[in-house]
Structure formats: C-alpha cells, structure tokens
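Participant: Before I ask anything, here is the structure I am working with.
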C-alpha cells in the first residue's frame with residue numbers, strides 16, 4: 006500500500022527560485038562550458054593538460070579560480086597514441102563596454118578577445134616530468150558550439166645534450182611567460198608580431214570543445230541599434246579589420262607622397278632642358 010501511494014503521488018511543480026541573473030548595464034557576459042577532449046601524437050605517455058584563460062584589459066571573471074586548472078593524468082595505448090581526458094571546465098567572463106567607447110581603443114594594444122592557453126606535460130612512474138607542447142586559441146566571438154583542433158609545439162633543443170636530458174632525466178625547456186604562446190601580454194594589437202629566432206618543434210594535437218552563450222541587456226532602441234548589439238564581439242574583429250585597412254591606405258599615401266617628391270626635381274630638370 007505504501008509503495009502504491011508513493012507511485013501515485015503527484016510530483017511537485019517545478020519552479021525557478023529567485024530572480025534570473027541579469028548582467029549590469031554596460032556589461033556583456035560570456036558563459037563558457039568546455040571540455041578538454043583528447044590529445045594525440047605526443048612523444049611520451051602519461052599525459053596531462055594545464056589550461057589558463059588570459060584576460061585582456063576590460064575583461065574580468067568573478068571567480069578567478071575557474072580560469073585555470075589541470076586535468077587528470079591519462080595513459081594512452083601504444084597503437085592509437087590517443088589520450089582521452091573528457092575533462093570539463095566552465096567559467097563566466099564579463100566585458101566592460103566602457104572600454105569600447107574610447108576613440109583610441111584599437112591603438113592601445115587591446116587584444117579584445119580572451120586567449121585559451123594550454124600546456125601539455127607528461128609525468129611517468131619515475132617522477133620524470135617532460136614538457137610535451139604548448140597550444141592556444143582565441144575565444145570564439147560568436148555564441149554556439151565550437152570544436153577546436155589545436156596543433157602544439159614545444160621549444161626546440163639547443164644542443165644534443167638537451168635531448169639526452171629529456172630522454173633520461175626528464176629535463177625540458179619551458180616558456181616562463183605562458184602568454185608568449187599566443188599574443189604576448191603588452192603587445193600592440195595592430196602591429197606585426199615576430200617570433201623569429203624562437204626555435205620550436207611540432208609535438209602533437211589537442212582537441213577542445215566549447216559551448217558559448219552571450220548575455221546582455223535587451224535594447225529598447227530601434228532595430229538598427231538593437232542589431233548592432235548582437236554578436237558584439239564580432240564588432241571588435243570588424244574594428245580591427247577596418248583599422249588595418251586604414252593603416253594600409255595611409256602607408257600607401259605616404260609612399261606616394263615620397264615618390265612624388267623624388268620625381269619633382271627630375272620633372273623640373275626635364276622641362277628646363279626642353
């Protein structure tokens with residue numbers, strides 16, 4: 006009888022408790038739930054991945070402990086050489102829209118988009134740690150699902166001794182500043198970044214899946230203004246592209262002026278001879 010009463014008991018209605026979390030005015034929220042899926046093609050076994058989210062100026066995270074972490078150690082089979090992590094992570098980012106209103110926002114070196122930085126390492130049963138590679142990717146600007154297939158590199162050996170140390174005692178060359186893997190902190194957004202002289206060797210690949218949601222206040226302005234706020238992060242990419250085009254046009258005009266200045270004496274001499 007008690008079992009029948011439990012089976013026929015009407016379930017309570019499902020309701021949301023409390024108000025829906027809405028970002029403040031002037032703040033654009035980005036929710037990211039992701040998964041470090043697998044790694045393949047690396048030299049040594051017993052792999053693990055450390056990740057870090059580099060936030061440029063204007064971005065913030067309420068819980069800073071969620072923008073970095075490390076996976077469990079995973080062993081791959083020798084035939085497939087694929088390590089399956091299936092490691093979940095999530096974080097919430099906030100973008101202060103006030104930084105976009107500055108006229109020189111594109112020339113102050115803002116990379117605009119957060120960067121996902123990964124360091125792959127191995128640790129065997131003898132306690133020998135080896136750096137297996139670095140990988141990075143900018144956070145996608147559009148909401149939805151994104152699957153990233155990242156290739157990784159590691160610092161190249163300076164001499165045969167480095168390779169011997171790596172094989173026998175586990176010593177590895179590492180990068181002191183992880184942001185150097187992608188767009189280094191403090192670099193100018195529209196300038197050409199040269200890493201000439203930094204020797205690297207390819208190592209393996211890393212698969213990461215992301216689910217991204219954007220949230221902001223609904224604008225009550227006309228459709229023209231409202232549609233401009235949709236996929237706001239795409240505007241950042243468009244602004245950068247326009248600035249690059251303007252820089253090319255200005256450089257062309259300067260070169261044309263120099264050419265005219267060089268030709269002016271020659272034209273004057275030709276007219277005098279005539």
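In the numbering used here, the protein residues as written are 6 to 279.
The C-beta atom is built at its ideal place from N, Cα and C for all residues, glycine as well.
Computed from a predicted model, the values in this text were never measured in an experiment.
1. Report the option in 208, 156, 177 and 183 whose CA atom is closest to the CA atom of residue 164.
2. Applying the criterion that 16 or more other CB atoms from any shown protein chain within 10 Å of the CB defines a buried residue, is residue 260 buried or exposed?
3. For the candidate residues 137, 53, 38 and 133, whose alpha-carbon lies nearest to that of residue 151?
4. Between 123, 118, 267 and 96, which lies nearest to residue 57 when the distance is taken from Cα to Cα?
5. Taking Cβ to Cβ, would you say residue 51 is nearer than 8 Å to residue 83?
6. Do residue 156 and residue 189 have their C-beta atoms within less than 8 Å of each other?
7. Are residue 141 and residue 213 closer than 8 Å when you measure CB to CB?
8. Please report the straight-line C-alpha distance between residue 269 and residue 254, rounded to a whole angstrom.
9. For residue 128, which option in 256, 201, 171 and 26 has the closest C-alpha, if you only look at C-alpha atoms?
10. According to the Cβ coordinates, are residue 103 and residue 211 closer than 8 Å?
11. Based on the DSSP output, what are the partners of residue 159 in its beta bridges?
12. Have a look at the DSSP bridge pairing and note the partners of residue 97.
13. Please report the residue range of the beta strand (DSSP E) in which residue 142 lies.
14. Is the Cβ-Cβ distance between residue 63 and residue 100 less than 8 Å?
15. Alpha carbon to alpha carbon, how far is residue 219 from residue 71?
16. Relative to the alpha-carbon of residue 175, which residue among 131, 215 and 202 has its alpha-carbon at the smallest distance?
17. Looking only at its own chain, which residues have a Cβ that is under 8 Å from the Cβ of residue 202, when we skip the five neighbours before and after it?
18. Report back the beta-carbon spacing between residue 92 and residue 118 to the nearest angstrom; my notes put them in contact at under 8 Å.
19. Identify, in the order they occur along the chain, each residue of the same chain with its Cβ nearer than 7 Å to the Cβ of residue 74, setting aside the five sequence neighbours on each side.
20. How about residue 126 and residue 36: do their beta carbons lie closer than 8 Å?
21. Measuring CA to CA, which of 40, 135 and 257 is closest to residue 89?
22. Which of the three DSSP states is assigned to residue 80 in this structure?
23. How big is the Cα-Cα spacing for residue 267 and residue 257?
24. Taking the straight line between their C-alpha atoms, what separation do you get for residue 143 and residue 183?
25. Would you mind working out which of 61, 67 and 59 sits nearest residue 3, comparing C-alpha positions?
26. Should residue 233 go down as buried or exposed, given a rule of 16 or more other Cβ atoms within 10 Å for buried?
27. Quick check on residue 135: buried or exposed, where buried means 16 or more other Cβ atoms within 10 Å of its Cβ?
28. The alpha helix (DSSP H) that contains residue 168, what's its start and end?
29. Go through its chain and collect everything with a Cβ distance to residue 162's Cβ below 6 Å, but skip five positions before and after it.
Facilitator: Concretely, from the data shown:
1. Answer by Cα proximity: 177.
2. Exposed, since its Cβ has fewer than 16 Cβ neighbours within 10 Å.
3. Nearest option by C-alpha distance: 38.
4. Measuring from the Cα of residue 57, the nearest candidate turns out to be 123.
5. Cβ atoms of residue 51 and residue 83: not closer than 8 Å.
6. Going by beta carbons, residue 156 and residue 189 fall outside the 8 Å limit.
7. Cβ atoms of residue 141 and residue 213: not closer than 8 Å.
8. Between residue 269 and residue 254, the C-alpha separation is close to 22 Å.
9. Out of 256, 201, 171 and 26, 171 has the C-alpha closest to the C-alpha of residue 128.
10. Their beta carbons are not under 8 Å apart, which means residue 103 does not touch residue 211 by this criterion.
11. For residue 159, which the question treats as bridged, DSSP gives the partners 206.
12. According to DSSP, residue 97 bridges with 36.
13. Looking at the DSSP string, the run of the beta strand (DSSP E) that includes residue 142 is 134-143.
14. If you check the CB distance, residue 63 and residue 100 come in under 8 Å.
15. Using only the alpha carbons, I get a separation of about 18 Å.
16. Among 131, 215 and 202, the Cα nearest to that of residue 175 belongs to 131.
17. Closer than 8 Å at the Cβ level, and outside the excluded window around residue 202, lies no residue.
18. Residue 92 to residue 118, Cβ: 23 Å. No contact.
19. Cβ-Cβ distances below 7 Å link residue 74 to 56 and 94 in the same chain, with the five nearest sequence neighbours on each side left out; the list follows chain order.
20. In this structure, residue 36 does not lie closer than 8 Å to residue 126 by Cβ.
21. Relative to residue 89, the option among 40, 135 and 257 whose CA is nearest is 40.
22. In this structure, DSSP gives residue 80 a state outside helix and strand, which the three-state scheme calls coil.
23. Residue 267 and residue 257: Cα-Cα distance of roughly 15 Å.
24. Rounded to whole angstroms, residue 143 to residue 183 spans 14 Å at the Cα level.
25. Coverage of the chain is limited to positions 6 through 279, which leaves residue 3 absent and any answer about it impossible.
26. Confidence is the limiting factor: at residue 233 the pLDDT is only 43, short of 50, which leaves the residue's position unreliable, though a coordinate-based value still follows. Only exposed fits residue 233, as fewer than 16 other CB atoms lie within 10 angstroms of its CB.
27. Buried, because 16 or more other Cβ atoms sit within 10 Å of the Cβ of residue 135.
28. Per DSSP, residue 168 is one residue of the alpha helix (DSSP H) stretching across 165-173.
29. 168, listed in sequence order.
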